[in-house]
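**Student:** Numbering (UniProt numbering), first residue to last: 1 to 493.
Glycine residues also receive a C-beta, built at the ideal position from the N, C-alpha and C atoms.
As the structure is a prediction and not an experimental result, all values here were calculated from the model.
I have a structure I would like to understand better, so I am pasting it below and will then ask my questions one at a time.
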């Protein structure tokens with residue numbers, strides 16, 4: 001499953017800080033905000049360029065949403081619809097740009113709730129402190145800024161918060177880690193720099209950000225530490241930004257200004273809302289012509305429209321999700337499987353949960369997770385944190401009880417094929433020796449046999465007996481409930 005979202009990314013699509021009497025800088029709203037790791041956009045020898053191949057471009061956009069900035073090789077351009085960022089001492093990276101210069105802040109105008117970010121208040125304030133320390137030349141753009149010691153950023157946060165206890169420091173360290181994972185900042189060798197996502201702030205917002213930085217309190221002089229010796233001395237002109245032509249210019253230009261604005265608003269809503277949005281609120285979701293144009297815009301990014309009766313949201317299309325593969329580790333997949341079994345499979349078997357829903361009001365207690373897994377406590381906590389940030393799990397309270405975890409908002413973004421495959425994987429995980437599991441394996445075997453029979457190579461040369469799978473044997477794809485889990489860094493597919 002691919003998570004669109006804040007956390008490292010989306011955003012799961014991840015949210016900006018609140019400084020006293022000053023507006024905060026725009027931070028992510030989900031995990032499409034959604035990852036920290038960089039993925040190369042270059043293919044193998046002879047691979048089609050993402051600028052030339054629409055499928056490669058769509059895969060590049062989907063990968064950037066799921067895993068973070070794409071690392072570019074050499075001096076080549078960024079994929080279509082992406083911005084190319086070059087720092088003097090780092091490889092160039094690319095990030096998708098939104099259509100018509102819109103940002104997720106557009107959701108506020110339509111009163112649509114974005115994907116929530118864990119401890120968003122600390123994230124906003126710590127990002128404001130990073131901006132205060134790294135944006136030293138207010139006449140220039142915020143990105144790339146200058147490196148600053150971590151202790152200086154914490155000192156700025158301390159001044160902003162007005163307290164200096166150990167709890168405050170732990171909050172700051174946790175927020176710095178989340179901001180690094182979602183590419184709003186980069187941390188290395190005890191220093192902080194503004195991350196690639198800061199380059200996406202529109203030029204119109206720079207004046208507001210300058211005013212914010214001027215009004216933020218400066219850190220106390222004793223906290224101003226020198227940069228480590230291995231960090232180069234900051235100097236100007238360290239970064240460049242190359243903006244590509246719009247990915248949707250040919251789609252948008254056929255509409256007048258009003259319908260174009262409606263189309264962009266619907267795009268931002270389905271891509272960044274926490275839940276499916278009602279079509280009555282967006283003309284582009286009601287009008288068939290506009291909806292076809294919206295589907296085309298999403299298709300170019302490896303995305304697709306998903307309908308929930310009269311509500312709509314977007315998710316990774318099946319082809320792009322297959323190309324991305326999983327971005328979750330083994331521990332995350334194991335924990336997610338346990339939550340799905342206890343919060344979805346068991347209530348569904350008891351008849352208290354609908355057949356085609358993956359959201360559940362029945363939390364899985366942490367004690368249950370500890371009792372049914374061999375994962376160490378520290379690794380379990382880290383897995384739960386990653387799944388929360390990806391929007392794949394949500395922590396809830398249940399009256400006076402401790403509560404637990406339920407499937408998160410990314411499960412709104414599952415396509416029909418993914419829901420069916422996830423249901424089959426859950427059956428195989430919860431009851432591998434049941435008649436229902438045997439039926440799933442038989443159905444998959446028949447489907448695989450038809451696919452092999454229809455393949456061009458299979459029609460020319462029949463498969464050898466040694467290559468046939470024994471009856472009832474499980475394929476590699478059946479070894480886990482969700483082998484294709486992808487964190488949007490940030491949406492779930």
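1. Can you name the start and end residues of the beta strand (DSSP E) that residue 194 belongs to?
2. I'd like to know whether the C-beta atoms of residue 380 and residue 369 end up nearer to each other than 8 angstroms.
3. Can you grab the Cα-Cα spacing for the pair residue 272 / residue 311, in whole Å?
4. Work out the CA separation of residue 448 and residue 454 for me, nearest whole Å.
5. Looking only at its chain, what residues have a beta carbon closer than 6 angstroms to the beta carbon of residue 100, apart from the 5 residues adjacent to it on each side?
6. Residue 554 lies in the alpha helix (DSSP H); which residues open and close that run?
7. Could you check where the alpha helix (DSSP H) with residue 157 kicks off and where it finishes?
8. Might you give, ordered along the chain, the residues of its own chain that have their beta carbon closer than 7 angstroms to the beta carbon of residue 290, omitting 5 neighbours on each side?
9. Considering only the alpha carbon of each residue, which of 446, 287, 286, 323 lies closest to residue 303?
10. According to DSSP, is residue 241 part of a helix, a strand, or is it coil?
11. Could you tell me whether the Cβ atoms of residue 392 and residue 436 are closer together than 8 angstroms?
12. In terms of residue numbering, what span does the beta strand (DSSP E) encompassing residue 313 cover?
13. For the beta strand (DSSP E) that residue 303 lies in, which residues bound it at each end?
14. What residue from 306, 93, 174, 160 has the CA that sits closest to residue 241's CA?
15. Roughly how many angstroms separate the alpha carbons of residue 389 and residue 411, rounded to a whole number?
16. Could you have a look at residue 67 and say whether DSSP puts it in helix, strand or coil?
17. Enumerate in chain order the residues of its own chain whose CB-to-CB distance from residue 197 is below 6 angstroms, with the five nearest sequence positions on each side excluded.
18. Does the contact criterion of 3 or more C-beta pairs under 8 angstroms hold for the stretch 414-425 versus the stretch 361-378?
19. When DSSP labels each residue in this structure, what does residue 114 get in the three-state scheme?
20. If you follow the alpha helix (DSSP H) that residue 202 is in, where does it begin and where does it stop?
21. One question on the structure: do residue 191 and residue 217 come within less than 8 angstroms of each other, judged by their Cβ atoms?
22. Tell me, please, which residues DSSP counts as bridged to residue 120.
23. Residue range of the beta strand (DSSP E) that residue 142 falls in?
24. Check for me: the alpha helix (DSSP H) holding residue 263 runs from which residue to which?
25. Confirm the yes/no value for this check: CB of residue 363, any heavy atom of the ligand FMN, distance under 7 angstroms.
26. Alpha helix (DSSP H) containing residue 337: first to last residue?
27. Nearest CA to the CA of residue 144: which residue from 152, 134, 328, 153?
28. For the beta strand (DSSP E) that contains residue 414, what are its first and last residues?
29. Residue 277 bridges to which residues according to DSSP?
30. Taking the continuous beta strand (DSSP E) assigned at residue 188, which residues delimit it?
**Tutor:** This is what the structure holds:
1. From DSSP, the beta strand (DSSP E) with residue 194 extends over 191-194.
2. It is a contact, given that the beta carbons lie within the stated cut-off.
3. One C-alpha to the other measures close to 14 angstroms.
4. Looking at the backbone, the Cα of residue 454 and that of residue 448 are separated by about 10 angstroms.
5. Excluding residues up to 5 positions away in sequence, 264 lie with their Cβ nearer than 6 angstroms to the Cβ of residue 100 in the same chain.
6. The first residue shown for the chain is 1 and the last is 493, placing residue 554 beyond what the model contains.
7. Unbroken alpha helix (DSSP H) run through residue 157: 150-161.
8. Contacts found: 259, 262, 263, 283, 284.
9. Closest option to residue 303, Cα to Cα, is 323.
10. Reduced to three states, the DSSP call for residue 241 is strand.
11. For residue 392 and residue 436, no; Cβs fall outside 8 angstroms.
12. Note, residue 313: beta strand (DSSP E), 311-316.
13. 303-308 is the extent of the beta strand (DSSP E) around residue 303.
14. The shortest Cα separation from residue 241 among 306, 93, 174, 160 belongs to 93.
15. One alpha carbon belongs to residue 389, the other to residue 411, and they sit about 14 angstroms apart.
16. Looking at residue 67 - three-state DSSP - the assignment turns out to be helix.
17. Excluding residues within five positions, the ones whose Cβ falls inside 6 angstroms are 183, 184.
18. No: the two stretches stay apart, fewer than three of their Cβ pairs being nearer than 8 angstroms.
19. Strand, per DSSP.
20. That residue, residue 202, is in no alpha helix (DSSP H); it is neither H nor E in DSSP.
21. Contact: no.
22. DSSP output for residue 120 lists no bridge partner at all.
23. Run containing residue 142: none; DSSP gives neither H nor E here.
24. Here the alpha helix (DSSP H) through residue 263 covers 257-272.
25. In terms of ligand content, the structure shown is empty, and the ligand FMN therefore cannot be addressed.
26. Start and end: 330-340.
27. Per the Cα distances, 134.
28. Unbroken run through residue 414: none, as it is neither H nor E.
29. Answer by DSSP bridge pairing, in chain order: 312.
30. 185-188 is the extent of the beta strand (DSSP E) around residue 188.
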